[in-house]
Structures are given as structure tokens and as C-alpha cells.
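Residues in the sequence shown are numbered consecutively from 15, following our numbering.
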Amino acid sequence: MTDQTPAAPGPDEAQPDDFPDDFPDDIDLDEDDYDTENEDEQDVGPPHPVNWYLLRADALEEEWYELNRWVETLRRTYGLPASVIPPFWHRHDELVWELSSLHVHWLCAYHPEQDGSAPFGWHRDFADARQRLREWVAASGTRLDRDRPTRQTTWPGEDPADPVEDVFVADRDRDFVDYVAAQVAERRAAEDAFFAGADPATGEVLG
């Protein structure tokens, strides 16, 4: 004799008693209609270049920390010496722009919309970037445990450049945090002055 007893529902199957009394009987419970895992996610495509001059204060802080995390991963992944990526790269605009460009290039190369050969192209460009980084580091004079501003050439009619001196830095991470905080505060002050109609240089309200 065949057992016609219906199988017990699984733990994920809803029971009639689980629904309220006024629940519509004719509603179509299609699981595909209730897949909201990626409902609010939008594919924005590969990232655009970062223009550090135009970032608002909050975005500036976010970009600084994102770039710092990526550079830390990069130097450890490839065992890069301080002659390529020095600890105080954040204090040198030429290094920031080079590393930022390399970062965006990496994000684009490994974006899901890219083809399989894109990472190979990134590594080829990475070799060129390492050579440029060596040149920037050598020209700036920044070292493993100390730093100094990149020397500036004084053009005719300009005031003489400030003397360049080495500064010993004991804690690189603390130096980075303090430096970024100062950069963000300066950018925020400029924003506040702009929206207040003030001269960013003097703080004097115009008009």
C-alpha cells in the first residue's frame, strides 16, 4: 500500500499558519521576485582618475586612507624597497600623483568589465612606474627613517626657496595620520571660506 502522507515541510518553507489572517490568498510567492540581495547595488563601472586638487575635505580624507592601504599592500606584495616606495611618500606630491595614478590603473585593470589580459598590461606599466618612482625618490632625497621637502628651483624674480633640512621621523603611521589631518583641515577651511564668500588666503569676507 502506498503511503500518501505528505512529506513534512522543510525549515525554510512557510506554513499557512505562519501568515496573518488577512494575507492575500492569490498572491504569487515567486522567489525570484524577492531576491533583493543586490537590489540597491549599481555597477558604476571602472573608477575615474583622482584629481587631488578638486576633492572636498571628506572625499580627500577617504582617498588618502584608501591610497595608503593600497600602497601598503603593494609594497609588501612585491617586496618594494624604500628606493621605490619610501615610508614618507605621502609628503611628496610627485610620489602621491604617481602612486595614485598607478592605483586607479590597477582598479581599472582588475575591474570585472575588463578582459583577461588587462592585468598583464598593468604589470607592464608597473615596471615603467617603478623606474619613475626611483627617479622621484632620488631627486627628493627622502629616506627610510627621515624626510625632507623636495628641492625647488628658484626662477628669476622669485623669493629664494626655504633651506632644505632632513627631519627624523620615528613613527611613520603617526606621521601619516597627522599629515592627512592637517591636509583635510586646510581643505575644509578653504571650503568654509569659499561658501562664506571669504578670501581663502586671508579669511576676509568679500563683498
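Where a beta carbon is used, it is the ideal one built from N, C-alpha and C, also for glycine.
The C-beta of T91 has fewer than 16 other C-beta atoms within 10 Å across all chains shown, which makes the residue exposed. Assignment of beta-bridge partners to V181 by DSSP yields D161. L109 sits away from W66, with the two beta carbons spaced by 8 Å or more. Annotated three-state conformation of P61 is coil, per DSSP.
Boundaries of the alpha helix (DSSP H) around E86: 71-91.
Assignment of A141 by DSSP, reduced to helix, strand and coil, places it in the helix class. Counting the other Cβ atoms within 10 Å of the Cβ of H137 gives fewer than 16, which makes it exposed. DSSP places E205 within a helical segment (H, G or I) once states are collapsed to three.
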